[in-house]
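In our numbering, the protein residues as written are 1 to 456. Below is one structure, written out as structure tokens; the observations come after it.
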């Protein structure tokens, strides 16, 4: 990969977009009308600035943008913020009812979507326009994944995202000659920062993925050198033989990269890096500097990390969100609790151990580490999906798969035989529906716990 000077820090989208004037290098690669097209940085800047100028004639407010992988969506996101409006990003793969709920939660007064049918369905829910203000750039709203509770809207400034892109560039440089393939949803901060903004800020071309129908063909169509991906996507592309020969780096985020997957990618001479970040911090906080140990993370330049007494990771960064929608910033003495458990190494690096909410804490103080139980029980139950939750204060196993009641009872009894009574599975039940997960595959235990409460 070719690198670019990383000293340039952009303080806003206006500043970033302004730097593209008279730059003829490729900004976006995309398909339209069955043909491949290239949009230069200079052309992208002109489109964004003209649209921002038009939007400044309208009342300010919050606009929900259905952020598909179209140049029009990219332009609209930039223009909205530059015009002093707030852009609320929605994932087009979500059910329209969920998008409508997000729109209502954000009090969006307008909607932008390339899909005219979806646009017509969402428009009736728009609220009244807000008062006009033009003294600063607008913000962006990204909804959290909802692993531990209902989704929350994190309000972030364009400066936070520009700083996050700089953090990433300091740790893993891209530049002219690189092509970053954007397959992840732009409504997720990992996809927005690493799939789009990072490349646009530091000289790489960004190839906009063509959607699920072309998922296995996009690598060969665009010949990327860098692929940001969640582990399940990287694994699917690898095992389908879809990775192109030019690909030199896979940046894994949203979940840890399994050792076996990292090793398979390294055998293909592909550099594998784990990244760690949050919606609330505009993505990047730490990244693996060594492909030999992708789970050992170095902090980004602008990041401070310490551990709470129970091992929870606390962070401070200028990439921090302003607040949740209608909620204050949940800081503890100036530090943001991440909900993740970590271990600080002697060399100052950090390992992510797991989610704090993946640990069940019983009334007597006994702690049960859910992933350990789930992996053990899944192996005993022929690969069935399993989830540990607290139900009526008791450790409860949820099982989904080709398993009958007798097999489940026997497997639980065998597992409990090796555990003290305080650490045994006290209840179990079979589930016919798939376990609830986020768009990136993370288990939503809170939904299972809520279902258990409602069934009483």
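Even glycine gets a Cβ: it sits at the ideal position worked out from N, Cα and C.
1) Helix, strand or coil: how does DSSP classify residue 299 here?
2) In this structure, does DSSP put residue 40 in helix, strand or coil?
3) Look up residue 435 in the DSSP assignment and say whether it is helix, strand or coil.
4) Determine the extent of the beta strand (DSSP E) in which residue 139 is found, giving its start and end residues.
5) What three-state label does DSSP hand residue 149 in the structure shown?
6) Taking DSSP as the reference, what is the three-state secondary structure of residue 258?
7) Entirely within the stretch 331 to 365 and at least 3 residues each: give me those beta strand (DSSP E) ranges in chain order.
8) Name the DSSP beta bridge partners of residue 304, please?
9) Rounded to a whole number of angstroms, what is the C-alpha to C-alpha distance between residue 314 and residue 173?
10) Look at the Cβ atom of residue 338, then the Cβ atom of residue 251, and state whether they are nearer than 9 Å.
11) Please report the distance separating the alpha-carbon of residue 87 from that of residue 418.
12) What residues in its chain sit with their C-beta under 7 Å from that of residue 144, if we drop five residues either side in the sequence?
13) Using 10 angstroms around the beta-carbon of residue 375, count the other beta-carbons present and answer buried if the total reaches 16, otherwise exposed.
14) Assuming residue 96 is part of the alpha helix (DSSP H), what are its boundary residues?
15) Expressed to the nearest angstrom, what Euclidean distance is found between the alpha-carbon atoms of residue 360 and residue 420?
16) Which residue wins for smallest C-alpha separation from residue 402, given the options 388, 395, 382?
17) Under a three-way DSSP split, which group does residue 10 fall into?
18) Assign residue 77 to one of two classes, buried (16 or more other C-beta atoms within 10 Å of its C-beta) or exposed (fewer than that).
19) If you drop the 5 nearest sequence neighbours on each side, which residues of the same chain put their C-beta closer than 8 Å to that of residue 248?
20) Contact between the stretch 99 to 115 and the stretch 62 to 82 is defined here as three or more beta-carbon pairs at a separation below 8 Å; is this criterion met?
21) Would DSSP call residue 68 helix, strand or coil?
22) Check whether the Cβ atoms of residue 282 and residue 320 sit closer than 9 Å, and answer yes or no.
23) Determine, using beta carbons only, whether residue 448 and residue 430 come nearer to each other than 9 Å.
24) Does the beta-carbon of residue 49 have 16 or more other beta-carbons within 10 angstroms, so that it is buried, or is it exposed?
25) Are residue 205 and residue 317 touching if we call contact CB-CB under 9 Å?
26) Per DSSP, which one or two residues make a beta bridge with residue 421?
Put simply:
1) Reading the chain shown from its first residue, position 299 is the one you call residue 299. Strand at residue 299.
2) Indexing the chain shown from 1 puts residue 40 at position 40. Note: residue 40 maps to strand in three-state DSSP.
3) The residue given as residue 435 occupies position 435 in the chain shown. Coil, per DSSP.
4) Walking along the chain shown from the start, residue 139 turns up at place 139. First-last of the beta strand (DSSP E) with residue 139: 139 to 143.
5) In the chain shown, residue 149 corresponds to position 149, counting from 1. Per-residue confidence for residue 149 stands at a pLDDT of 49, beneath the threshold of 50, marking its modelled position as unreliable; the derived number appears in the next sentence. Coil.
6) The residue you call residue 258 lines up with position 258 of the chain shown. Reduced to three states, the DSSP call for residue 258 is coil.
7) Counting only runs of 3 or more, we get 336 to 344, 350 to 355, 359 to 361.
8) Here residue 304 refers to the residue found at position 304 of the chain shown. Residue 304 is bridged to 316.
9) Walking along the chain shown from the start, residue 314 turns up at place 314. Walking along the chain shown from the start, residue 173 turns up at place 173. So the two alpha carbons sit approximately 26 Å from each other.
10) Looking up residue 338 in the chain shown gives position 338. Looking up residue 251 in the chain shown gives position 251. Not closer than 9 Å, so no.
11) Residue 87 sits at position 87 when you count from the first residue of the chain shown. Residue 418 sits at position 418 when you count from the first residue of the chain shown. Distance between residue 87 and residue 418, taken at the CA atoms: about 53 Å.
12) Mapped onto the chain shown, residue 144 falls at position 144. Excluding five sequence positions before and after residue 144, the CB atoms of its chain that fall closer than 7 Å to its own CB belong to 151, 152, 154, 279, given in chain order.
13) Start at 1 with the first residue of the chain shown, and residue 375 comes out as number 375. With fewer than 16 Cβ atoms within 10 Å of its Cβ, residue 375 is classed as exposed.
14) Translated into positions along the chain shown, residue 96 becomes position 96. Its alpha helix (DSSP H) spans residues 96 to 106.
15) For the purposes of this step, residue 360 is taken as the residue at position 360 of the chain shown. For the purposes of this step, residue 420 is taken as the residue at position 420 of the chain shown. Going from the Cα of residue 360 to the Cα of residue 420 covers about 16 Å.
16) As a first step, residue 402 must be located in the chain shown, where it is residue number 402. Taking residue 402 as reference, the option from 388, 395, 382 with the minimal CA-CA separation is 382.
17) For the purposes of this step, residue 10 is identified with residue 10 of the chain shown, where counting begins at 1. Here residue 10 sits in coil by DSSP.
18) For the purposes of this step, residue 77 is taken as residue 77 along the chain shown, with counting starting at 1. Buried, by the Cβ-count rule.
19) Mapped onto the chain shown, residue 248 falls at position 248. Cβ within range, chain order: 1, 225, 226, 269, 270, 271.
20) yes
21) What you label residue 68 is simply residue 68 of the chain shown in a count that begins at 1. Looking at residue 68 - three-state DSSP - the assignment turns out to be coil, as it is neither helix nor strand.
22) On the chain shown, position 282 is the one that residue 282 refers to. On the chain shown, position 320 is the one that residue 320 refers to. It is a contact, given that the beta carbons lie within the stated cut-off.
23) Your numbering for residue 448 matches position 448 in the chain shown. Your numbering for residue 430 matches position 430 in the chain shown. Against a cut-off of 9 Å, the Cβ pair of residue 430 and residue 448 comes out as no contact.
24) Residue mapping note: residue 49 aligns to position 49 of the chain shown, counting from 1. Answer is buried; the Cβ neighbour count reaches 16.
25) Along the chain shown, read from residue 1 onward, the residue named residue 205 stands at position 205. Along the chain shown, read from residue 1 onward, the residue named residue 317 stands at position 317. A distance of 9 Å or more separates the beta carbons of residue 205 and residue 317.
26) Residue 421 sits at position 421 when you count from the first residue of the chain shown. As DSSP reads the structure, residue 421 sits in no beta bridge.
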